[in-house]
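For reference, the structure is listed below as structure tokens.
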């Protein structure tokens with residue numbers, strides 16, 4: 078890091094959970110100590126997600142999601158956060174909180190939005206080939222339709238100034254991931270890609286099969302281009 082963490086603005090690490098009890102013991106301890114606020118928005122978990130989170134990090138802030146869906150949880154968490162910078166992390170261990178400093182430096186050097194890319198340097202070793210090809214296709218489609226040049230349009234690892242988030246018409250619909258970047262670009266935000274790891278889900282199964290996630294993202298991209 079070129080900037081000492083003690084000179085960072087206030088940073089919120091935002092994590093949305095839904096039955097992630099077995100994964101939080103990996104995720105939460107890896108959040109850097111210099112993060113000002115660790116905010117969990119829990120989407121009606123039926124396991125011990127909330128209890129485990131509090132045990133691991135007594136200083137954690139936990140909010141119950143009033144609505145449904147991860148897009149809604151993110152929107153609610155952003156609105157409730159206290160940080161100047163908000164970093165979104167996956168609760169399943171797919172994103173690595175230890176890489177968080179990579180996302181802060183661009184924001185301190187003039188960028189509004191640092192978006193994670195799992196393909197900036199190479200294909201993630203742990204990502205199945207069909208998922209890798211699907212992500213490539215989605216990024217390619219978005220680039221063709223919106224004139225962008227992104228290598229990854231669906232990563233959940235992002236860092237954004239809170240004041241910049243407020244300029245985005247935040248999507249809560251199914252397939253929201255690519256819409257965040259598309260709408261940020263349309264809002265005129267200065268965006269850079271940051272290389273990040275893809276560890277895959279540590280425990281349990283994804284809430285949705287990969288084909289359904291991909292179809293939702295593709296539908297959202299095309300709808301945004303021709304009906305927004």
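Numbering (our numbering), first residue to last: 78 to 305.
Idealized CB from N, CA, C, for every residue including glycine.
The alpha helix (DSSP H) enclosing residue i, as first and last residue numbers
| i | result |
| --- | --- |
| residue 222 | 206 to 223 |
| residue 108 | Counting along the chain, residue 108 falls outside any alpha helix (DSSP H), and DSSP gives it neither H nor E. |
| residue 152 | 147 to 157 |
| residue 302 | 287 to 304 |
| residue 131 | 126 to 133 |
| residue 176 | Residue 176 -> no alpha helix (DSSP H), and no H or E assigned at all. |
Helix, strand or coil at residue i [DSSP, three-state]
| i | result |
| --- | --- |
| residue 247 | coil |
| residue 256 | helix |
| residue 233 | coil |
| residue 228 | coil |
| residue 78 | Unreliable placement is indicated for residue 78, whose pLDDT of 49 sits below 50; the coordinate value is still reported in the next sentence. Three-state result, residue 78: coil. |
| residue 95 | coil |
| residue 168 | coil |
| residue 87 | coil |
| residue 197 | coil |
| residue 263 | helix |
Through-space distance from residue j to residue i, alpha-carbon basis
| i | j | result |
| --- | --- | --- |
| residue 188 | residue 269 | 7 Å |
| residue 166 | residue 261 | 18 Å |
| residue 156 | residue 82 | 24 Å |
| residue 255 | residue 301 | 10 Å |
| residue 161 | residue 236 | 10 Å |
| residue 102 | residue 240 | 31 Å |
| residue 125 | residue 104 | 15 Å |
| residue 122 | residue 169 | 14 Å |
| residue 171 | residue 303 | 32 Å |
| residue 263 | residue 220 | 13 Å |
| residue 249 | residue 297 | 11 Å |
| residue 224 | residue 281 | 37 Å |
| residue 247 | residue 288 | 24 Å |
| residue 135 | residue 242 | 28 Å |
| residue 182 | residue 176 | 11 Å |
Selected residue, minimal CA-CA separation from residue i, among the options
| i | options | result |
| --- | --- | --- |
| residue 291 | 162, 251, 236 | 251 |
| residue 98 | 239, 296, 224, 278 | 278 |
| residue 93 | 239, 144, 293, 289 | 144 |
| residue 205 | 275, 242, 179 | 275 |
| residue 85 | 245, 266, 210, 185 | 185 |
| residue 158 | 299, 258, 90, 298 | 90 |
| residue 213 | 107, 294, 179, 176 | 294 |
| residue 299 | 182, 266, 222 | 222 |
| residue 257 | 207, 191, 96 | 191 |
The beta strand (DSSP E) enclosing residue i, as first and last residue numbers
| i | result |
| --- | --- |
| residue 270 | 268 to 272 |
| residue 60 | No information on residue 60 is available, as it lies outside the stretch 78 to 305 that the chain covers here. |
| residue 138 | 138 to 141 |
| residue 119 | 114 to 119 |
>> Closer than 8 Å is the cut-off here; do at least three beta carbon pairs connect the region 189 to 208 with the region 125 to 140?
In response: no
(Q) Check whether the region 229 to 237 and the region 131 to 141 are in contact - that is, three or more C-beta pairs closer than 8 Å. (A) no
* To do: Mind the definition here: the region 147 to 154 touches the region 103 to 122 only if three or more C-beta pairs lie below 8 Å; say whether that holds.
  => yes
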